[in-house]
Every structure is written in C-alpha cells, then in structure tokens.
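S.K.: This structure is in structure tokens; I'll ask about it shortly.
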Amino acid sequence: MATKYVGQRVKRTEDPRLIKGLAHYVDDIRLPDTLHVCFVRSIYPHARINSIDTSAALAAPGVVAVYTGKDIAGKLGPVPCASALPDLKVPDFRALAGDKVLFVGHPIAAVVATDRYAARDAVDLVMVDYEDLPAVVDVEEAAKGGTVIHENFADNIAYKMTAGEGDIDASLGAADRVVKQRILHSRLAPIAMEPRGVLARYFPGEEELTVWSSTQIPHLLRTQLALMIGIPENKLRVITPEVGGGFGSKLNVYGEEALLGWISVQLGKPVKWIETRRENIQATIHGRGQVGYIEIGFKNDGTITGLRYNVFADLGAYHQLLTPAIPTLTGLMLSGAYKIPAIQINITACFTNKMATDAYRGAGRPEATYVVERAMDLVAAELGIDAAEVRRRNFPAANEFPFHTATGLDYDSGNYEAALDKAQQIIGYAKLREEQKKARDEGRLIGIGVSTYVEICALGPSAAMPAGGWESATVRIEPTGKVTVLTGASPHGQGQETSFAQIAADELGVDLKDVTVIHGDTGIVQYGIGTFGSRATAVGGTAVLIAIQKLKEKAQKIAAHMLQADASRLSFEGGRYSLPAASAAAVGSSDPVVPVGEAPAGALPEPETEGRTSLTIQEIALAAHIAKDIPPDTEPGLSATYFFEPKNFTFPFGTHIAVVEVDRDTGDIKFQRYVAVDDCGKVINPLLVDGQVHGGIVQSIGQALYEEVVYDEQGQLVTGTLMDYALPRASHIPNFELDRTETPSPVNPLGVKGVGEAGTIGATPAIVGAVVDALAPFGVKHLDMPIRPESVWKIINSSH
Amino acid sequence: MIPAQFDYQVPATLEEAINLLAQDPDGTKVLAGGHSLIPAMKLRLAQPQRLIDIARIRDLSYIREDGNVILIGATATHYELESSDLLRNICPLLPDCARSIGDVQVRNKGTIGGSLAHCDPAGDWPAAAIALNADVVLAGPGGERTMKAEDFFVDLMTTALEPGEILREVRIAKPQGKFGHAYQKAPHPASGFAVVGVAANITLNADGSCATASLGVTGVGNKAYRPAGAEAALVGKKLDDQTVAAAAAKIADGIDVNGDLYASSEYRKHLATVHAARAIKAAAGKAS
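Residue numbers (the working numbering), protein chains in the order written: chain A, 1263 to 2062; chain B, 13 to 300.
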C-alpha cells in the first residue's frame, strides 16, 4: 500500500463543522410537534416511596403526560447488564423507580410537555412521599452487612471473584520482603462535554421507531432497545448524530433511552430529553471507585515474586451495561509491564446507594496500572533503588513476546525498555535526579514520577466480549467515483472520519477528498459493535482495509475484462490498474470519471477503453455500475463488506515521566515537566494520536489532583455541579513533551494497537509518583488521590 | 439548568431602571453580567419574577478620572478593568484583581457592580474594594447615597442595598505617594472563586517604613472584611519578614473561618496567612 496519507499529520476533516458550530448533535435535531421530557429524580439516596401524586403536574399548562414506575411495569423491560459472571446478583433495574429509590438522581417520574420549560416547571409539582432509609455509602461497610440495599438479596455483595495464576502464597512467602498498602481509586464523573440526549419518533402507521441518541454503540443499543420496548429490531432505527464525547459513559444502555422510545410509541409523537449537567453528574455512570489492598513480594534486588490485590469495588445501586465487569478488567492487567510469577486478585464487588460505576476511559485498566505502578514505587522506596531502575529490572525483554502473564493474557508485542530509554533520554533523567538532589538540599520539594504502563486495547476477540468483539466495514465506490466507507465503529471525537479515509484513500489510490466515512446510523450502516476500548482503528480500521482488498479483487477482474488482459498481468498503483509497461501516453486521463457538477445529467458516459493500457479504479466503478461490459460471472456494482474478527487483544505501552514542585507553604503542586513516550504500534495519523494522548493525560491530571465524586455519609451527592467537581482547566495543564516508539502489533495487518485510553492509564501513576517523590523527605511513601494541597500541607506542617 | 419563567425588561436609563424596580422590588432582580444570577436561576436557587437588565444602559459602564478620584460605572466588565491602561498606571490593584477572576468568557461578561452587589463570600472584587477604601454609590427612588465598601458588605450574600436601590458607581481615591498594590489568591480548582484572596494596598514613608496599610480579605469568612489587626501591625514599621509574618498571622483574627471539602478552616486560615504575607511583601516591593 502506498502511504500518501497514512502516517501523515492530516488535519481532522470533522473539525470545520465542529469549530463553526455547524455540526448536528441530538439537541440540534428539531422535529415538528416534538414533546419534551423532564425527570423527577430522587433527592434521597435510599428511601421508600409511599406515594406519588401527579395530579397537580398533569393539570399544569402544557403537560401532556406524567409517567411513573407503575405505568411502565410489565411494559418496558429492565435496563440491561451484559456482564455474565458466575453467581452475579443482578437487581431488577427499571427506567423509573418502583417502590424504592436507591441513589440520588434515581428517576421516579417522567413529565412530558409541549416545551421543555413547561416540563421542568411541572417536575416541581409532582409530589413524592418518601420514607427515608439508612444509606449504604462506604463500600467496605457495604461488604460487612448491615442495611441491605436490595431486599431480595441476602447482602450487598454483588459477586466475589478470585483470579490469577501461580501460587501466590508460595511466591509471597519466597520473597525477601513484602510491602502492603491500602489505596483508593476515587469515583470519577466522565463529564462528556455534550451530556446525554435522546430524541425518539414513532410513526404509528409504519410502526417504525427512530431513536436519535448520543451513544457510542448505536447497533448494540438498537438490539437492546428492541428487547426492552418490545418492538421488532427491523422496525427500529438508531441514529447517532454528532457525539460530544463519551469516555465510556455512552458505552451503555440507559433507562432514559428506552423510556423515550416507549413514550413516543405511547403518544405517537416525537419526544426529546436533553440531560442537564446536574443530571449528568448524578445519573450518568461514574468510573473507578475501588478500595484496594496491595501486597507485593520482591527479592532484595528488586525482582518481583508475587502480587496480591484484594479489592472492594463500589458498583453503586444497580448494574449498568458493564458495571460488574470493570473490576475483572483490573484483574486482567495487574501484571503491568512486568514479569510477575504469581498474581492474585480477590474482588468483592458491592452495592452502595450511589450511581452505578461502569466504563470510564480506561475502564478497570487505569486501576490496574495504578496498583502495579504504585507497587513498583513502594518496592523502589523500600529498597532505595531508583523508580525507573526497579521497573527496568522486571521488564520482559523484547524477544520474550508474545509474553504470557500470570493474569492469563498473551501480550502481542512490546519493547518496554526502548520506551523507558527514550523517555529518560528526553527528560535527561540522570541530570534531573542530580538537580532534584540539589534542590532538596536547598529546601525545595521537587518530585519525579515514573510510570511504565501496558494497556489492553482493540477489544477484542468475540470470545472475550459479551456481544461480539469484531467490527464491520462496507466500502463502495459510487458511479461518480466517490468512495463511501461505512464503519460499524461509532467515532465520537476520535477522528476516524479522517483516519479511516486516510486508510481508504491510500489503499484505493484516490484523493482523500473523494472518501466519505459514514457511521452511527443503523438504517444505513451494517451491524457494528461500536467505539470503546481503543478498538475502532485496530479492529474497525482493519475491517475497512480488508473490505477494500476484497473490493479490489473484484475491480481487478473487471479491469482485466475491460482491458482484455489476464488479471494476473495487471498491477495496481496510484489508484490505477495497468498492463505492464503502460506508457504514459496510453494511460489516459487522470481526471475524475465524472466531474461532479460539470457533467450533463442523464446517461452516464461509459469509460473509453479503446487503446487504453490502464484504468483507474474509479473508472472501473462506473463500468461496474453501468454493467454493460463486465465479466459474465461478476455482480454489478463495486462494493465489499468485511467483518473482522481479531485473534487477540493488542497491548500498547509506554513510559510517562512527570516532574512536579510542591509549594512548601501552601501544598500547591505545580508541574515542571511532563514527558510521555507512547507505543501504540503503527500510527495512522500522528496528529490524532497526539490529541488522544493529550486528552488522556489531562483526565489523568484530573484524577490525580482534582476530581472526585463525593457522597457524604448520608449518601447525598456533594459534588453535584462543575462549581464543586473540579475538572482540570487549561491553566492546570503543563506543556506535554510527547514522543513515540513504534512496535507494530502482529494481531492486525495495519499493525496498530490503539491509543484512546493510554493517557488515562499511563499518566496517573506518574503524577502521583511525582508528588509522593517530592514529599519523600518527609517519609511519605503513598498518597491517595485526588492529592489536594491541604493533604500535602498537612504532611509538611506536621513535620515541623 | 432550566430557569423558571420570568419577565425581562431593558431600561434605557438608570432612572427608568429605578422606576421599574420600584414597581416590585422584592420580586425583581437586577441583571448585569449575569454570571452569578443566571447560574443560580438555572438551578432554580433563584426564581425572580422579573429581571431588569442594566447592562445595556449606555452611561453606566465607564472607567474615568475625576480630579483625585477614579470613577467606575457599575456595569464596567472585569475585562474592561483588566485591560484599562489608565488603571494599570494609577491603580494597578484593580487590573490585577480583575485578571484573577474566572476565565476570559466570565471576564468579558461579568461586571464589577454585579459582583459587589452579589456579595459572594469568595468573590474577588470585595477584597480589592476594601483594600482601596472604595466608596459605592447607591441610587434609589429617593436619590443617591454613598458608603464605604466595607460597610456595604453586611453578611453572607447580603449588602446594605435597600429594596429599590441599584449600585451605580464605585469611587476610589487615586493612590498617592509611594504606594504598592498586590492581589494574592488561591483559586478553587473547580469554581475559580477565591479559597482565600488578599488584596494589599501599602504606602511607604521616605525612610521605607510603612505609612499606611489597607488590606481586604475574601474567601475566609462569611463576607469580605478588613483585617484591622494585621494592618495595625504594619503601620510605622519596616516591612521586614518578621513584621510581615507577624501581621499576616493576624489576618483571620476574630473571623469564623469557612471550611469545606477543598479546604478545612484550619488550612484555609493557614492559606490566608501565607497569601497575606505574599500580598504585603509584593505590595511593599512595588512601593519601594
């Protein structure tokens, strides 16, 4: 494949419409006669609902209907959970609460009105008689018993699971030393810039329901909505217009999505709901939320012998789509970038009176990386070995891949030392350590944090996924020579309209401008799995590539027929099938077959083949559509579809190094340097990769230093607005010094690994490690996130 | 995020605004930049029946000199104060304070009068107004009255504005002599409001000793205040580290210090001390 575009920093073709405000999000889609929905949500974390009086709301101006849990009982199916784990307790989760509410924000009633303001006004008129119940807030308390959240279960433990290979007791026993540490992974709110939104339109005559939803998984959503609403899947269309970020929070099936569809069926009119930011923080899934206990055994030379992680996972009140699965992903990635002979994870996953946790950028892997990277820092501190060195001593060598871990994975390819070397070289590691020492002597608190991470991407082989792990693509060349790529992936900020077009343009030898990538409409695009788990390019991009290869097999046959030559004699280059030694004169025009807007409408001109020794693939497409002169055994048209099933995950890796300075007087933390060397395999578009890494690191900075969803002891949400929940701002972000190593993945022909979550996985431990290192003179070995200035100041202050 | 219904009126003059306000002073809120009021309305924490938008009154937004006094119209935006060359030259505390407020969008819309009248306990302007010994001019149906900014801030979100009155102007005596200004702030990472903010306005005698010290503190208590003990500990003295530290230690004397998720009262008091010392030193440094 000639690489005119692949590997280039091609600017996102999506951006002009986004920058100019011309893009269409769900809320930008306006249908006549649309009704608007606002929700009555629980103000209690745990309460019995004695009664709901909707009469005043129903009498309010503009109100068309008010639905409560009673109205949907037996009519709208439960909110689905796709995680199948042994002995998993699955509570019955409905779009509207029944006789109990189990978290602040739990939907109780849906008010439907002629405009959004009328609906919102009437929300205040719905009278809910609550009987307050004690809330279960702390996950470790939840595990102990006491108040049971779901009365049909014996306790609050959703499941327990032990996983890992090797004899952990023997391995810890054989260690020279064992270090233990309790660590917290705060609950985080994903906070996509565009909140959730749903527009549903039912045509009673055609019995067709169309649902516009801000989702990452249009096809999976269609299947689940069909089951929940009870409408045939082939009468249901899900359209995903522009999506303003998801970070996993829209890799889900929400009660609101089904309810809006159901209400539209009841009323025969379009209904719309746009989530407010307050609802977004209350009732869109949260991420992380683990309390863990690390036990790491090691030899005096720093060699790790075993790692045990006992973790309490705070699932929240109900399961969303993948809630129970997230901690199991943590278990899978506990080996990190290291040879660890024995690993054990013991998961105790508990219900609490909070919103469900689920996949948030990284989804279980940031937790794993944080565990193993904090563990490496603890080992380094215990032995007095440099943090980078202790990591280096435990890497598998580049020639040890595929590398089998004690968590049961086979890492596809890697060269961890090369990434560490490069990062150390860029930051000038040895000199930096000297400067740090000098600064410490002067009383300054400089810290250096190192993270050498591995992540699991390209989710994934279908065997490992709840609903298929493949991805689909259809590529067709239209009569006018324009190339249409239909991908089952559902990009929502990743830029695959650009990167997939780069792949297609290179593979077909056409201009990038001639390629359009279409996604996110189940009425147009063949079934697909969607965009999450850094899978779209590795799996979906590969499907595009192979679909094009299939298409070209057919094109070559037609070309041979038209040129009256044996297909095997034709070569393909620059978008053109040629006979050997085709002279430039005989090649013919390189202009598009039919210049759009210039050719007279009507009958399409057949390509002239007389005397030609080469034809463009676009000319062949036209001939294939006119179909007057194609081989007799060939179908007209020029398109191909491919469903790519990957044989393994991919395992990107890298090294992040953060340098911070702590203000002795205030505890403020300031970045001095940030270097990231990421290896995501082959790179289609370096600009997009840089953007992904930037965004990921920013969210890591948020997790490490600022963000935490806080529920108080009574279960009330304290950080319910962006005035309280601290997202990192531009002024909190250092300059990033990015670089890459490139170790192709053998798992797919593109050699790509994925990069969507690298930043949130690799960066957090480097940042925390840097702050801990800065405070090492005070004997600090660990700090829990988010590391607020006050906790830093307390350490410094208490040492006086 | 969807406010309750309200009426919206756009008077052309201040007089018209005062007349409109007099019709229903309790059910009406005066809207200027809208950066405190509108969010509160979206969350339905505020549900005024009527808004009177004074931001479009043309002669209410100005920054000018009048003899020895600086006059600032109520609807002058944070950005206009931040970018004023006049203020940069004659009263740099105002641009320094303005620059620390929110972000560019907030500064483009938010106004000094709106901020002072809102009386947020963590707002930045009240600290600067106190440190500059500013007067505020309040206009009502019965005419105008003028009062000291520090008397204007009564309690949490409560000012001395009577129903029917509008804050019209801020007046500041032009700083004279060897003066130095500084505003030191620890911003909340989410809201950008002051966890603590200390404004310092220091003048020095010819011998380098402190002639006057005027400080304003925000974020610490239920309203912005003047730390009289800290000021007294500076006047007449050489502003060496020891003196500054001793004064800064008094910054929260007699104040019931706020505590929240981000900063406990103990830590907040400490931060106030640190930032007071930094502000005093910075101001003194500029004065010398």
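Just so you know, even glycine gets a beta-carbon here, dropped at the ideal spot from N, CA and C.
Which residues in the same chain have their Cβ closer than 7 Å to the Cβ of A/ALA1404, if we skip the five residues on either side of it in sequence?
M.R.: Counting only Cβ-Cβ distances below 7 Å, and skipping sequence neighbours, we find VAL1398, ASN1418, CYS1612, PHE1613 and THR1614.
S.K.: Does chain C have any CB closer than 9 Å to the CB of A/THR1983?
M.R.: Among the protein chains in the structure shown, which are A and B, there is no chain C.
S.K.: Please classify B/LEU251 as buried or exposed, where buried requires at least 16 neighbouring CB atoms within 10 angstroms.
M.R.: B/LEU251 comes out buried.
S.K.: CA-CA distance, A/GLN1965 and A/ILE1291?
M.R.: If I take the Cα positions, the gap works out to 34 Å.
S.K.: Do A/ILE1558 and A/ALA1637 have their C-beta atoms closer together than 9 Å?
M.R.: Against a cut-off of 9 Å, the Cβ pair of A/ALA1637 and A/ILE1558 comes out as a contact.
S.K.: Could you pull out every residue in the same chain whose Cβ sits closer than 8 Å to the Cβ of A/GLN1976, ignoring the five residues on either side in sequence?
M.R.: Counting only Cβ-Cβ distances below 8 Å, and skipping sequence neighbours, we find PRO1307, ALA1397 and VAL1399.
S.K.: Please report whether the beta-carbon of B/TYR20 lies at a distance below 9 Å from any beta-carbon of chain A.
M.R.: No, no contact with chain A.
S.K.: Have a look at A/GLY2016 and A/ASP1930 and give me their C-alpha separation to the nearest angstrom.
M.R.: Approximately 34 Å between the Cα atoms of the pair.
S.K.: Mind checking which residues open and close the alpha helix (DSSP H) that includes A/GLY1543?
M.R.: The residue asked about is misnamed: residue 1543 of chain A is Ile in this sequence, not Gly. Segment 1539 to 1545, the alpha helix (DSSP H) holding A/ILE1543.
S.K.: Which runs of the beta strand (DSSP E), 3 residues or longer, sit entirely within the region 49 to 132 of chain B?
M.R.: Those beta strand (DSSP E) runs which fall completely within the region 49 to 132 of chain B and span 3+ residues are 62 to 65, 75 to 78 and 81 to 85.
S.K.: Sorted by chain position, which residues of the same chain lie with C-beta nearer than 8 Å to B/GLY233's C-beta, five sequence neighbours on each side aside?
M.R.: Correct list, in chain order: PRO133, ALA264, ILE267, ASP268, VAL269 and ASN270.
S.K.: List, in chain order, every chain A residue whose beta-carbon is nearer than 8 Å to that of B/GLN17.
M.R.: By Cβ distance, chain A contributes TYR1379 and ASP1383.
S.K.: Taking a contact to mean a Cβ-Cβ separation below 9 Å, would you say A/ARG1356 touches A/CYS1300 in this structure?
M.R.: Contact flag unset, no.
S.K.: Candidates A/VAL1473, A/GLN1478, A/THR1983 and A/THR1502: which alpha carbon is nearest A/ALA1488's?
M.R.: Nearest C-alpha to A/ALA1488: A/VAL1473.
S.K.: Specify the secondary structure class of B/GLY297 as computed by DSSP and reduced to three states.
M.R.: Three-state result, B/GLY297: helix.
S.K.: Could you list the residues in the region 102 to 122 of chain B with a C-beta less than 8 Å from some C-beta on chain A, going in chain order?
M.R.: Here the close residues are ASP115.
S.K.: Can you tell which of A/VAL1268, A/CYS1942, A/GLU1470 and A/ARG2050 has its C-alpha closest to the C-alpha of A/SER1448?
M.R.: Among A/VAL1268, A/CYS1942, A/GLU1470 and A/ARG2050, the Cα nearest to that of A/SER1448 belongs to A/ARG2050.
S.K.: Quick check: the Cα distance between A/ASP1576 and A/THR1619, rounded to an integer number of angstroms?
M.R.: C-alpha separation (whole angstroms): 7 Å.
S.K.: In whole angstroms, what is the alpha-carbon distance linking A/ARG1378 and B/ALA202?
M.R.: Cα-Cα distance, rounded: 28 Å.
S.K.: Can you grab the Cα-Cα spacing for the pair A/PRO1854 / A/THR1793, in whole Å?
M.R.: Low confidence applies here, because A/PRO1854 scores a pLDDT of 49, under 50, leaving its location unreliable and the question unanswered by this model.
S.K.: Comparing the C-beta of A/LYS2056 with each C-beta of chain B, is any distance below 9 Å?
M.R.: Judged by the 9 Å Cβ criterion, A/LYS2056 is in contact with chain B.
S.K.: Which same chain residues end up closer than 7 Å to A/VAL1779 when comparing Cβ atoms and leaving out the 5 residues on each side of it in sequence?
M.R.: Answer for A/VAL1779: VAL1747, THR1749, GLN1758, GLU1759, PHE1762 and ALA1763, listed in chain order.
S.K.: With distances taken Cα to Cα, identify the nearest neighbour of B/PHE205 among B/VAL118, B/GLN61 and B/ARG157.
M.R.: Nearest of B/VAL118, B/GLN61 and B/ARG157 to B/PHE205, Cα basis: B/VAL118.
S.K.: Measure the Cβ-Cβ separation of A/LEU2012 and A/THR1736 and say whether it is below 9 Å.
M.R.: No, the pair does not count as a contact, with Cβ atoms beyond the cut-off.
S.K.: Residues in its own chain within less than 7 Å of A/ASN1514 by CB, not counting five upstream and five downstream?
M.R.: So the qualifying residues of the chain are ILE1547, GLN1582, LEU1583 and ASP1620.
S.K.: Please report the distance separating the alpha-carbon of B/ALA261 from that of A/PRO2048.
M.R.: Approximately 29 Å, taken between the alpha carbons.
S.K.: Less than 9 Å between the C-beta atoms of B/LEU227 and B/ALA185, yes or no?
M.R.: No; because the gap between Cβ atoms is not below 9 Å, this pair is not in contact.
S.K.: Mark A/ALA1992 as exposed unless 16 or more other C-beta atoms lie within 10 angstroms of its C-beta, in which case mark it buried.
M.R.: Classification of A/ALA1992: exposed, given that the 10 Å Cβ count is below 16.
S.K.: When the cut-off is 9 Å and only beta carbons count, does B/ILE184 lie next to chain A?
M.R.: Chain A contact via Cβ: absent.
S.K.: Tell me the rounded alpha-carbon separation between A/VAL1460 and A/GLY1506.
M.R.: Looking at the two C-alpha atoms, the distance is approximately 13 Å.
S.K.: For A/GLY1407, count the other beta carbons within 10 Å of its own beta carbon; 16 or more makes it buried, fewer makes it exposed. Which is it?
M.R.: A/GLY1407 should be labelled exposed.
S.K.: Can you give me, in chain order, the residues of the region 268 to 279 of chain B that have a beta carbon less than 7 Å from any beta carbon in chain A?
M.R.: Against chain A - using a Cβ distance shorter than 7 Å - the residues of the region 268 to 279 of chain B are LEU273, TYR274, ALA275, SER276 and TYR279.
S.K.: List the residues of chain A whose Cβ lies closer than 7 Å to the Cβ of B/LEU283, in chain order.
M.R.: Correct list: THR1928.
S.K.: Output yes if chain B places a C-beta closer than 9 Å to the C-beta of A/PRO1854; else output no.
M.R.: Bear in mind that a pLDDT of 49 at A/PRO1854, under 50, signals an unreliable position, so the model cannot answer this.
S.K.: Short check: CB of A/GLY1953 to CB of A/ARG1623, under 9 Å?
M.R.: Contact flag unset, no.
S.K.: Would you call the region 270 to 281 of chain B and the region 237 to 245 of chain B in contact, with 3 or more CB pairs under 8 Å?
M.R.: The region 270 to 281 of chain B is not in contact with the region 237 to 245 of chain B.
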